[in-house]
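Peer 1: Going line by line, the protein sequences match chains A and B.
724 is the number of the first residue of the first sequence in the numbering used here; add one for each residue after it.
415 is the number of the first residue of the second sequence in the numbering used here; add one for each residue after it.
We put the beta carbon where it would ideally sit given N, CA and C, even for glycine.
Treat the numbers as computed from the prediction; the structure is a model and nothing was measured.
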Amino acid sequence: MPYEILPHTADVRIRVTASGLPSLFAEAARAMAAIMAPGCVPAPAVTREVTVEAEDLEGLLHDFLSELLYLFDAEGLLLCDCRVSLEGTRFLTATCRGEEFSREKHAGGAEIKGVSFSGLRIYKEGEDDVFEIIFDV
Amino acid sequence: MAGEVKRIGEYEWELPVDYRPGMRVPARFFLSEALRKDLESGALEQLANVATLPGIVRHSLAMPDIHWGYGFPIGGVAAFSVDSGIISPGGVGFDINCGVRLLSTPLRAAELSNRRELVERLFQVVPTGVGAKSDRRLSGKDLEEVMVRGAAWAVEHGYGVPRDLERCEEGGAMAGADPSAVSQKARQRGLPQSGTLGSGNHFLEIQEVKEIYDPAAAAAMGVAQGGVCVMIHCGSRGLGHQVCTDHLKALEAATRRYGISLPDRQLACAPVNSPEGKAYYGAMAASANYAWANRQMITDMTRKVLVKMFGIEYGEMPLIYDVAHNVAKMEEHLVDGKQVPLCVHRKGATRAFGPGSPGIPKECAAVGQPVIIPGSMGTSSFLLRGTALAMEKTFGSTCHGAGRVTSRTQAKKNMRGQQVQARLAQAGILVRAQSYESIAEEAPEVYKPSLEVVRVVDAVGISKLVARLEPMGVIKG
Chain A
724 MPYEILPHTA
734 DVRIRVTASG
744 LPSLFAEAAR
754 AMAAIMAPGC
764 VPAPAVTREV
774 TVEAEDLEGL
784 LHDFLSELLY
794 LFDAEGLLLC
804 DCRVSLEGTR
814 FLTATCRGEE
824 FSREKHAGGA
834 EIKGVSFSGL
844 RIYKEGEDDV
854 FEIIFDV
Chain B
415 MAGEVKRIGE
425 YEWELPVDYR
435 PGMRVPARFF
445 LSEALRKDLE
455 SGALEQLANV
465 ATLPGIVRHS
475 LAMPDIHWGY
485 GFPIGGVAAF
495 SVDSGIISPG
505 GVGFDINCGV
515 RLLSTPLRAA
525 ELSNRRELVE
535 RLFQVVPTGV
545 GAKSDRRLSG
555 KDLEEVMVRG
565 AAWAVEHGYG
575 VPRDLERCEE
585 GGAMAGADPS
595 AVSQKARQRG
605 LPQSGTLGSG
615 NHFLEIQEVK
625 EIYDPAAAAA
635 MGVAQGGVCV
645 MIHCGSRGLG
655 HQVCTDHLKA
665 LEAATRRYGI
675 SLPDRQLACA
685 PVNSPEGKAY
695 YGAMAASANY
705 AWANRQMITD
715 MTRKVLVKMF
725 GIEYGEMPLI
735 YDVAHNVAKM
745 EEHLVDGKQV
755 PLCVHRKGAT
765 RAFGPGSPGI
775 PKECAAVGQP
785 VIIPGSMGTS
795 SFLLRGTALA
805 MEKTFGSTCH
815 GAGRVTSRTQ
825 AKKNMRGQQV
835 QARLAQAGIL
845 VRAQSYESIA
855 EEAPEVYKPS
865 LEVVRVVDAV
875 GISKLVARLE
885 PMGVIKG
């Protein structure tokens, strides 16, 4: 499983593992979509380009997920399949595919209010890149 | 290496100032022995983190519903000097002015024989759950006014009566709101969501007043034994969430600029009177006002259902009170014998102003501000009153709810939503939700017993029990 749920009583805390930062970011986006609205099947017709700039790698991941959350809330776009390219640790572009959110098709998720910096960590574990985060639900 | 937790009273505990390097003041929290076993080390760490922030006055505080959040602990209260202190979104949270209101009705519990139909109708008219959209989409101009005038905008547009405003904290609109500090993204998230409940622990509940502890205060507030009330718990929806996200980023840069060192990035902050601090305050107040309008619109939907089903008058359902439990406010408090202006952060904590304090309804001036403490789904909720002791000890603050003891994931592993729903129905509580998952996640046993939490604040004296309400029907996300 590319992400696992860690103990946290009030919110949703997860750990994502992947090989290489671009796929770590992509898996993080997939995990967030699965928590909010399970059952996303990406369709080529629903594609968005996302660009993010931040002060460091943690900030970049935080802002990337926050941007996807905004697109979900404001435009009803559930983006779960992203191809991410990083330029250093402060700039990112991603092509994200997904589908329009449907209350019937994607029922049973938890509304994520925000992506918290508390507990946000990116680190290496052997060959893998690992990322931990707390979503406020 | 963390120092010792000191017990300083039957229900009072302290982290001394040398508990951790960098603390500027001691931290204090209120817990009974029964609640202490659920105290997480992460929550204590966050309580100590708050004590390191510049300009903190007296203590970093936590109420008995303390638990591990992000930034401040949930149940956290801290006041900062307006001259030398900071303001931080980490002390408010993503759901700005998440809060609770209690509405009374002329109905008696025995009159609700068609309770199932009532729950169903409320569920049909109040949008709930992930991705819920409002039937009445605000225009850009409406939103601008909502952010400044809050519940007053809603009342003027037919979603209530003027008296409702007298029964809201801040009259349902905080001064100092600055819509220009609210981003386009936040507005876009907020536009389709006004008048929606949301998901998670948000709910609308039909309740019966089961027990009155303080008849004089209950009469002043307007609740009577056996009466039916409606409790509404929700916040500022995507607008507030985005304001928190946006300003956190701006304040991170400010934190570096002002040379503030932080133990947790979520505590990004700026001096209260800096341009960045003022911008956050203005945007936060605008979000708080949106939340008051939101609760007012849901109140209107509820009243209309009750009018139609029971033939009662719209005006026969007065608001008892509406409190915010995630907010930062400018207030004056007595510190070392002098009234000083402070920026009081309450993150999962409720204002509990004592008798005679400014800004409380005139009918309650002698008894203290009404304080509404929601239970979890299927357990008791409480009405309390603010006290003079709260003004002395906690900057006029008390607890906000029960506090979780089991994670959402564990809850779903342990229980099935259908079974929880059936069990509650046997106990006479009808639950209607968008998904069974959300029923399992919010089952009564995943929360601390609300009675124990309010028993502690009552025993300490930072608020006093007025009435107990029991759920009859619940709608959720």
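Rank B/Arg846, B/Ala780, B/Glu745 and B/Ile734 by C-alpha distance to the C-alpha of B/Ala881 and give the top, closest one.
Peer 2: Stepping through the second sequence from its first residue, residue 881 of chain B is reached at position 467. Looking at the Cα atoms, B/Ile734 is the closest of the given residues.
Peer 1: Which of the three DSSP states is assigned to B/Met415 in this structure?
Peer 2: As a working mapping, residue 415 of chain B is identified with position 1 in the second sequence. Note that B/Met415 scores 46 on pLDDT, short of 50, meaning its location in the model is unreliable and no value can be drawn from it.
Peer 1: Could you check if B/Glu619 is buried or exposed, using at least 16 other CB atoms within 10 Å of its CB as the buried criterion?
Peer 2: As a working note, residue 619 of chain B is residue 205 in the second sequence. Burial call: buried.
Peer 1: Consider the C-beta atom of B/Lys722 and the heavy atoms of the ligand ATP; say whether any pair is separated by less than 7 Å.
Peer 2: The ligand ATP is not among the ligands present in this structure, which contains no ligands whatsoever.
Peer 1: Taking B/Ser877 as the reference, which of B/Arg601, B/Gln538, B/Gly469 and B/Ala766 has the closest Cα?
Peer 2: Locating residue 877 of chain B in the second sequence gives position 463, counting from the first residue. When each option's Cα is compared against that of B/Ser877, the closest is B/Ala766.
Peer 1: With burial defined as no fewer than 16 other Cβ atoms inside 10 Å of the residue's Cβ, what is the status of A/Val764: buried or exposed?
Peer 2: By 1-based counting over the first sequence, the position of residue 764 of chain A is 41. The residue is exposed, with fewer than 16 neighbouring Cβ atoms inside 10 Å.
Peer 1: Closer than 8 Å, CB to CB, is B/Gly490 near chain A or not?
Peer 2: In the second sequence, the residue the question calls residue 490 of chain B occupies position 76. It does not: the Cβ of B/Gly490 has no partner Cβ on chain A nearer than 8 Å.
Peer 1: Just how far apart, CA to CA, sit B/His481 and B/Pro689?
Peer 2: As a first step, residue 481 of chain B must be located in the second sequence, where it is residue number 67. As a first step, residue 689 of chain B must be located in the second sequence, where it is residue number 275. For B/His481 and B/Pro689, the distance between alpha carbons rounds to 32 Å.
Peer 1: At the level of alpha carbons, what is the spacing between B/Phe537 and B/Gly485?
Peer 2: Reading the second sequence from its first residue, position 123 is the one you call residue 537 of chain B. Reading the second sequence from its first residue, position 71 is the one you call residue 485 of chain B. Going by the C-alpha atoms only, they are around 34 Å apart.
Peer 1: Under 8 Å between beta-carbons, which chain B residues line up against A/Met755? List them in chain order, please.
Peer 2: Residue mapping note: residue 755 of chain A aligns to position 32 of the first sequence, counting from 1. Those do not exist, as A/Met755 stays about 13 Å from chain B at its closest Cβ, beyond 8 Å.
Peer 1: In terms of DSSP beta bridges, what is B/Leu883 paired with?
Peer 2: Your numbering for residue 883 of chain B matches position 469 in the second sequence. Partner(s): B/Val623 and B/Ser795.
Peer 1: Using DSSP's beta-bridge definition, name the partner residues of B/His759.
Peer 2: For the purposes of this step, residue 759 of chain B is taken as residue 345 along the second sequence, with counting starting at 1. DSSP, once it has assigned bridges, lists B/Ala492 and B/Ala742 as partnering B/His759.
Peer 1: Can the beta-carbon of A/Phe854 be found closer than 8 Å to that of A/Leu747?
Peer 2: In the first sequence, residue 854 of chain A corresponds to position 131, counting from 1. In the first sequence, residue 747 of chain A corresponds to position 24, counting from 1. Their beta carbons are under 8 Å apart, which means A/Phe854 touches A/Leu747 by this criterion.
Peer 1: Taking all protein chains shown into account, do 16 or more other C-beta atoms lie within 10 angstroms of the C-beta of B/Leu748, making it buried, or fewer, making it exposed?
Peer 2: The residue given as residue 748 of chain B occupies position 334 in the second sequence. The residue in question, B/Leu748, is exposed, as its Cβ has fewer than 16 Cβ neighbours within 10 Å.
Peer 1: Taking the beta carbon of B/Arg577 as the centre, do at least 16 other beta carbons fall within 10 Å, making it buried, or is it exposed?
Peer 2: Counted from its first residue, the second sequence places residue 577 of chain B at position 163. Exposed, because fewer than 16 other Cβ atoms sit within 10 Å of the Cβ of B/Arg577.
Peer 1: For B/Pro677, name the three-state secondary structure that DSSP assigns.
Peer 2: Mapped onto the second sequence, residue 677 of chain B falls at position 263. Reduced to three states, the DSSP call for B/Pro677 is coil.
Peer 1: Scan the segment 436–522 of chain B and note each continuous beta strand (DSSP E) run of 3 residues or more that stays entirely inside, going in chain order.
Peer 2: Whole beta strand (DSSP E) segments, 3+ residues: 441–444, 474–484, 486–495 and 513–522.
Peer 1: Straight-line CA distance for B/Ala836 to B/Arg818?
Peer 2: The residue labelled residue 836 of chain B in the question sits at position 422 within the second sequence. The residue labelled residue 818 of chain B in the question sits at position 404 within the second sequence. If you take the alpha carbons of B/Ala836 and B/Arg818, they lie about 22 Å apart.
Peer 1: Whole angstroms is fine: what's the gap from B/Gln602's alpha carbon to B/Ala630's?
Peer 2: In the second sequence, residue 602 of chain B corresponds to position 188, counting from 1. In the second sequence, residue 630 of chain B corresponds to position 216, counting from 1. Using only the alpha carbons, I get a separation of about 46 Å.
Peer 1: Taking C-alpha atoms, which residue in B/Arg472, B/Ile501 and B/Arg530 lies nearest to B/Met723?
Peer 2: What you label residue 723 of chain B is simply residue 309 of the second sequence in a count that begins at 1. If we check each option's Cα against that of B/Met723, B/Arg530 comes out closest.
Peer 1: How many angstroms separate the CA atom of B/Glu426 from the CA atom of B/Glu580?
Peer 2: What you label residue 426 of chain B is simply residue 12 of the second sequence in a count that begins at 1. What you label residue 580 of chain B is simply residue 166 of the second sequence in a count that begins at 1. Approximately 34 Å between the Cα atoms of the pair.
Peer 1: I'd like the ranges of any alpha helix (DSSP H) spanning at least 4 consecutive residues and lying wholly in the segment 795–874 of chain B.
Peer 2: Within the segment 795–874 of chain B, the complete alpha helix (DSSP H) runs of at least 4 residues are 802–807, 822–828, 831–840, 850–855 and 864–874.
Peer 1: If we define contact as Cβ-Cβ less than 8 Å, is B/Gln835 a contact residue for chain A?
Peer 2: For the purposes of this step, residue 835 of chain B is identified with residue 421 of the second sequence, where counting begins at 1. It does not; no Cβ of chain A falls within 8 Å.
Peer 1: Which residues, in order along the segment 823–857 of chain A, keep a beta-carbon less than 8 Å from a beta-carbon of chain B?
Peer 2: Those residues of the segment 823–857 of chain A that come within reach of chain B (Cβ to Cβ, closer than 8 Å) are Phe824, Arg826, His829, Ala830, Gly831, Gly832, Ala833, Glu834, Lys836, Gly837, Val838, Ser839, Phe840, Ser841, Gly842, Leu843 and Ile857.
Peer 1: Looking at chain B, which residues of the segment 788–821 of chain A have a Cβ within less than 7 Å of any of its Cβ atoms?
Peer 2: Within the segment 788–821 of chain A, the residues whose Cβ lies closer than 7 Å to some Cβ of chain B are Ser789, Tyr793, Asp796, Ala797 and Gly799, listed in chain order.
Peer 1: Out of B/Val657, B/Glu584 and B/Val874, state which residue places its alpha-carbon closest to the alpha-carbon of B/Pro478.
Peer 2: Position 64 of the second sequence holds residue 478 of chain B. Residue B/Val874 is the option with its Cα nearest to B/Pro478.
Peer 1: How big is the Cα-Cα spacing for B/Gly417 and B/Met805?
Peer 2: Position 3 of the second sequence, counted from the start, is the residue given in the question as residue 417 of chain B. Position 391 of the second sequence, counted from the start, is the residue given in the question as residue 805 of chain B. Distance between the alpha carbons of B/Gly417 and B/Met805: 29 Å.
Peer 1: 8 Å is my cut-off, CB to CB: does A/Ala752 come that close to chain B?
Peer 2: Position 29 of the first sequence, counted from the start, is the residue given in the question as residue 752 of chain A. It does not; no Cβ of chain B falls within 8 Å.
Peer 1: From this set, B/Ala742, B/Asp678 and B/Gln824, which residue's C-alpha is nearest B/Val491's C-alpha?
Peer 2: On the second sequence, position 77 is the one that residue 491 of chain B refers to. It is B/Ala742.
Peer 1: In chain order, what residues of the same chain lie with their CB nearer than 6 Å to the CB of B/Ala802, ignoring the 5 residues before and after it?
Peer 2: Taking the second sequence and counting its residues from 1, the one referred to as residue 802 of chain B is at position 388. The answer, listed in chain order, is Gly768.
Peer 1: Using the beta-carbon count (16 or more within 10 Å), is B/Gln598 buried or exposed?
Peer 2: Along the second sequence, read from residue 1 onward, the residue named residue 598 of chain B stands at position 184. Classification of B/Gln598: exposed, given that the 10 Å Cβ count is below 16.
Peer 1: Based on Cα-Cα distance, which residue from B/Asn703, B/Asp736, B/Met715 and B/Pro685 lies nearest to B/Leu756?
Peer 2: In the second sequence, residue 756 of chain B corresponds to position 342, counting from 1. Closest option to B/Leu756, Cα to Cα, is B/Pro685.
Peer 1: Buried or exposed for B/Pro593, going by 16 or more other Cβ atoms inside 10 Å?
Peer 2: As a position in the second sequence, residue 593 of chain B is number 179, starting the count at 1. So B/Pro593 counts as buried.
Peer 1: Excluding five sequence neighbours on each side, which residues of the same chain lie with their C-beta closer than 6 Å to the C-beta of B/His647?
Peer 2: Within the second sequence, the letter at position 233 stands for residue 647 of chain B. Val514, His616, Phe617 and Pro788, listed in sequence order.
Peer 1: Relative to the alpha-carbon of B/Val845, which residue among B/Glu534, B/Ala441 and B/Tyr694 has its alpha-carbon at the smallest distance?
Peer 2: Position 431 of the second sequence holds residue 845 of chain B. Closest option to B/Val845, Cα to Cα, is B/Glu534.
Peer 1: In three-state DSSP terms, what is B/Gln783?
Peer 2: In the second sequence, counting from the first residue as 1, residue 783 of chain B sits at position 369. If DSSP states are grouped into helix, strand and coil, B/Gln783 belongs with coil.
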